[in-house]
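Residue numbers (my numbering): 4 to 138.
Glycine included, every Cβ here is placed at the ideal spot set by N, Cα and C.
Please read all numbers here as calculations on a predicted model, not as lab measurements.
The block underneath contains the structure these notes are about, expressed in structure tokens.
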Amino acid sequence: MLFANNYYFDRLRREMDELFSGLAHSSEFPPVNLYSKEHELVLTAEIPGLEAEDLDISSKDNILTIRGERKSVELSDDQTYIKRERSCGKFSRAFSLPRDIDSDKIEAKYKNGVLILRLPIAEAAKPRKINVSGE
Numbered sequence: 004m005l006f007a008n009n010y011y012f013d014r015l016r017r018e019m020d021e022l023f024s025g026l027a028h029s030s031e032f033p034p035v036n037l038y039s040k041e042h043e044l045v046l047t048a049e050i051p052g053l054e055a056e057d058l059d060i061s062s063k064d065n066i067l068t069i070r071g072e073r074k075s076v077e078l079s080d081d082q083t084y085i086k087r088e089r090s091c092g093k094f095s096r097a098f099s100l101p102r103d104i105d106s107d108k109i110e111a112k113y114k115n116g117v118l119i120l121r122l123p124i125a126e127a128a129k130p131r132k133i134n135v136s137g138e
């Protein structure tokens, strides 16, 4: 490549990568699995490269939102990326939940790049047996 070792070109490329890093996959990042258990929904999300305090999770009207920011790793002036595939920047993803949940009892854990959310189903949304009386 003609400009492969040009300092200014590398710097421009880094800045452009940083500028557009969050746009390409914003609607599909982070990848998640959502499944139902008897009394809860469980959501797992793959979000490597963060600390727990970099995540912001909120729930309102059965919409669960995960926000965060993956910070860019800055290279020194004598370093140049050969390949750069890990995105950085802010992300946000919202999910419409299929059941009413008890937002006050949501549990969130982040370990080894995986976020696990336990979303208890609200008592009012749980099925219940209705007794029929006879006359």
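Worksheet item: Taking Cβ to Cβ, would you say Phe32 is nearer than 8 Å to Arg96?
Response: yes
Practice prompt. Rank Ala127, Val76 and Glu54 by C-alpha distance to the C-alpha of Asn115 and give the top, closest one.
Written response: Glu54
Fill in: Span separating the alpha-carbon of Arg73 from that of Arg89
10 Å
Fill in: Backbone secondary structure at Phe32 - three-state DSSP
coil
Worksheet item: Can the beta-carbon of Ile104 be found closer than 8 Å to that of Ile124?
Response: yes
Worksheet item: Taking buried to mean at least 16 other C-beta atoms within 10 Å of its own C-beta, is Tyr11 buried or exposed?
Response: exposed
Item to complete: On the DSSP bridge assignment, give the partners of Leu67 in chain order.
Response: Ser62 and Phe98
Worksheet item: Does DSSP put Tyr113 in a helix, a strand or coil?
Response: strand
Worksheet item: How is Arg89 classed by DSSP in three states: helix, strand or coil?
Response: coil
Item to complete: Give every residue of the same chain whose Cβ lies closer than 8 Å to the Cβ of Lys63, excluding the five residues on either side of it in the sequence, and list them in chain order.
Response: Ser106
Worksheet entry | Helix, strand or coil at Tyr84 according to DSSP, with G and I counted as helix | coil
Worksheet item: Given Thr68, which residues of its chain have a CB within under 6 Å of its CB, disregarding the five upstream and five downstream residues?
Response: Ser61 and Ala97
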